[in-house]
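Visitor:
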Amino acid sequence: MANEVQKKRILSGIQPSGDLTLGSYLGAIRNWAALADKYDCYYMLADMHTITVRQVPAELRRHTLTQLATYIACGLDPEKNVLFVQSHVPAHAQLAWVLDCYTMFGELSRMTQFKDKSAKNADNINAGLFTYPALMAADILLYQADLVPVGGDQKQHVEICRDIAGRFNGIYGEVFKIPEPYIPQVGARVMSLTSPENKMSKSDKDQNGCVYMLEKPEDILRKFKKAVTDSEASVRFDPANKPGVSNLMQIYSAATGRSFEAIESEFAGHGYGDFKAAVGEAVVELLRPIREETERLLADKAYLQSVYRDGAEKAARVANRTVGKVYKKVGFIDR
Ligand code: TRP
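Going by the numbering used here, the first residue of the sequence shown is number 845, and it counts up by one from there.
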């Protein structure tokens, strides 16, 4: 329609560096499908980011395809969302180099993720790990994204992206849209089952702390049975004093739609054993249809290929336009 307002554009990415967790589902992916009506959505499998840390090539390929299938199984309709693999769109590497030259050594040195990751990978502190925020800025700025849904750990990277874009625009005029981080109102922050003061993470050393989206039901149930609680034997929401129980309540509430009050009365007078079993079962039922659909999609490689090819084509159309503009601005001769 001629007078239809241009939808705002969203871009987000997740690194296919491992299996997706219950935390990324409840905190992010689950909310993405509903955004497609209101926004123009681009979701990227950030495979180029993963190689800042050594990957096993066959595993990276498997994780990338599985993640794409899982996105679709979670309701991200490829007709309504652009789903693509970062390395399929060369514009990411092209713009990243240019942005590297507009990103300061000092500002990269201040990135907390760089400090954390270089401490964890002391034998492989490579230049890519250091310049990663410039690649992420390219990911976002290529699409002139308005909003970037990210977790708290990535807010600093959206900030530096805004700084880089502002600096570039300051020299060359309005080339880039300045994006905003987008923290959806809904979405749970899921903590580790074994150390509930930390976020549930696929890189957690303790595998019992983290539930994966495609895990077998018996493994999910076992992990919830082992979840850390406290010695009070009362199901009550109190994150400061009862982090384990409160985390389980969050998860149960997200899985069943029940309020904390309803959960408190459901388990009044019950021990933690019943409660943990109920949370485990609710999660198994929540994830079951997604796992089954993901498995079905993974068996249809031709379909998945058509999705990522189509996604790359749509993404490249937008991204190439931005690279063209940028190349011209910095003074590269038109081919
Ligand atoms: N750096 C993000 C992470 O590790 C993933 C990512 C890459 C991303 N490019 C992005 C997120 C662009 C949002 C927008 O989680």
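Ideal Cβ positions, reconstructed from N, Cα and C, are used throughout, including at glycine.
As a quick exercise: from 866, 974 and 854, pick the residue whose alpha carbon is nearest that of residue 1132.
Guide: If you number the sequence shown from 1, residue 1132 lands on position 288. The residue with the shortest Cα to Cα distance from residue 1132 is 866.
Visitor: With a CB to CB cut of under 7 Å and the five nearest residues on each side skipped, what residues in its chain are close to residue 956?
Guide: Sequence index remark: in the sequence shown, residue 956 carries index 112 (1-based). Cβ neighbours of residue 956 beyond the five flanking positions: 1000.
Visitor: Does ligand 1 have even one heavy atom less than 8 Å from the beta-carbon of residue 1050?
Guide: Counting from one through the sequence shown, the residue named residue 1050 turns up at place 206. Not so, every heavy atom of ligand 1 lies at least 8 Å from the Cβ.
Visitor: So residue 1130 packs on residue 913, CB below 8 Å; how close in whole Å?
Guide: Along the sequence shown, read from residue 1 onward, the residue named residue 1130 stands at position 286. Along the sequence shown, read from residue 1 onward, the residue named residue 913 stands at position 69. Not quite, the Cβ-Cβ distance comes to about 18 Å (not below 8 Å), so this is no contact.
Visitor: Could you tell me the distance, in whole angstroms, from the CA atom of residue 852 to the CA atom of residue 1128?
Guide: Mapped onto the sequence shown, residue 852 falls at position 8. Mapped onto the sequence shown, residue 1128 falls at position 284. So the alpha carbons of these two residues sit roughly 35 Å apart.
Visitor: For residue 902 and residue 861, I'd like the C-alpha separation in whole angstroms.
Guide: Counting from one through the sequence shown, the residue named residue 902 turns up at place 58. Counting from one through the sequence shown, the residue named residue 861 turns up at place 17. Roughly 12 Å separates the two Cα atoms.
Visitor: Please determine whether the Cβ atom of residue 979 lies at a distance below 8 Å from any heavy atom of ligand 1.
Guide: The residue given as residue 979 occupies position 135 in the sequence shown. Yes, ligand 1 has a heavy atom inside 8 Å of this Cβ.
Visitor: Which of the three DSSP states is assigned to residue 789 in this structure?
Guide: Any question about residue 789 goes unanswered here, given that the chain covers just 845 to 1179.
Visitor: Given a cut-off of 9 Å on the beta-carbon distance, is the pair residue 1007 and residue 855 in contact?
Guide: Mapped onto the sequence shown, residue 1007 falls at position 163. Mapped onto the sequence shown, residue 855 falls at position 11. Not in contact: residue 1007 and residue 855 (Cβ atoms no closer than 9 Å).
Visitor: If you reduce the DSSP assignment to three classes, tell me which class residue 859 lands in.
Guide: By one-based count along the sequence shown, residue 859 stands at place 15. Three-state result, residue 859: coil.
Visitor: Could you give the distance in angstroms between the alpha-carbon of residue 1093 and the alpha-carbon of residue 1065?
Guide: Here residue 1093 refers to the residue found at position 249 when the sequence shown is read from its first residue. Here residue 1065 refers to the residue found at position 221 when the sequence shown is read from its first residue. Each residue's alpha carbon lies about 16 Å from the other.
Visitor: Return the first residue and the last residue of the alpha helix (DSSP H) that residue 1005 is part of.
Guide: Numbered from 1 along the sequence shown, position 161 holds the residue referred to as residue 1005. First-last of the alpha helix (DSSP H) with residue 1005: 999 to 1016.
Visitor: Could you tell me the alpha carbon to alpha carbon distance between residue 1072 and residue 1107, rounded to whole angstroms?
Guide: One-based indexing of the sequence shown puts residue 1072 at position 228. One-based indexing of the sequence shown puts residue 1107 at position 263. Answer to the nearest angstrom: the Cα atoms are 18 Å apart.
Visitor: Is the Cβ-Cβ distance between residue 1055 and residue 1067 less than 9 Å?
Guide: Numbered from its first residue, the sequence shown carries residue 1055 at position 211. Numbered from its first residue, the sequence shown carries residue 1067 at position 223. Contact flag set, yes.
Visitor: Using DSSP bridges, identify the partner residues of residue 885.
Guide: Walking along the sequence shown from the start, residue 885 turns up at place 41. Residue 885 pairs with 854 and 925.
Visitor: From this set, 896, 877, 1102 and 1062, which residue's C-alpha is nearest residue 993's C-alpha?
Guide: Taking the first residue of the sequence shown as position 1, residue 993 is located at position 149. Answer by Cα proximity: 877.
Visitor: Taking all protein chains shown into account, decide if residue 1180 is buried (16 or more other Cβ within 10 angstroms of its Cβ) or exposed.
Guide: Here the chain comprises residues numbered 845 to 1179, so residue 1180 is not present and cannot be evaluated.
Visitor: Among 1083, 897 and 987, which one has its Cα closest to the Cα of residue 969?
Guide: Taking the sequence shown and counting its residues from 1, the one referred to as residue 969 is at position 125. For the residues 1083, 897 and 987, the minimum Cα distance to residue 969 belongs to 897.
Visitor: Which value, in whole angstroms, describes the spacing of the CA atoms of residue 1120 and residue 937?
Guide: In the sequence shown, residue 1120 corresponds to position 276, counting from 1. In the sequence shown, residue 937 corresponds to position 93, counting from 1. So the alpha carbons of these two residues sit roughly 46 Å apart.
Visitor: Tell me whether residue 920 sits in a helix, a strand or coil according to DSSP, three-state version.
Guide: Position 76 of the sequence shown holds residue 920. If DSSP states are grouped into helix, strand and coil, residue 920 belongs with coil.
Visitor: Touching or not, the segment 874 to 891 and the segment 916 to 935, by the rule of three or more beta carbon pairs under 8 Å?
Guide: Yes, since at least three Cβ pairs between the segment 874 to 891 and the segment 916 to 935 fall closer than 8 Å, the two stretches touch.
Visitor: Under 7 Å Cβ to Cβ from residue 847, same chain only, skipping five residues before and after it: list those, please.
Guide: For the purposes of this step, residue 847 is taken as the residue at position 3 of the sequence shown. The predicted position of residue 847 is uncertain, since its pLDDT is 49 and thus under 50; no value can be drawn from it.
Visitor: Report buried or exposed for residue 1179, applying the criterion of at least 16 other Cβ atoms within 10 angstroms of its Cβ.
Guide: In the sequence shown, counting from the first residue as 1, residue 1179 sits at position 335. Residue 1179 should be labelled exposed.
Visitor: Assuming residue 1035 contacts residue 1046 under a Cβ cut-off of 8 Å, what Cβ separation, rounded to an integer in Å, is found between them?
Guide: On the sequence shown, position 191 is the one that residue 1035 refers to. On the sequence shown, position 202 is the one that residue 1046 refers to. Actually they are not in contact, since the Cβ atoms of residue 1035 and residue 1046 sit about 14 Å apart, beyond 8 Å.
Visitor: Assuming residue 1024 contacts residue 991 (C-beta within less than 8 Å), just tell me the rounded distance between them.
Guide: Locating residue 1024 in the sequence shown gives position 180, counting from the first residue. Locating residue 991 in the sequence shown gives position 147, counting from the first residue. About 6 Å; that satisfies the 8 Å criterion.
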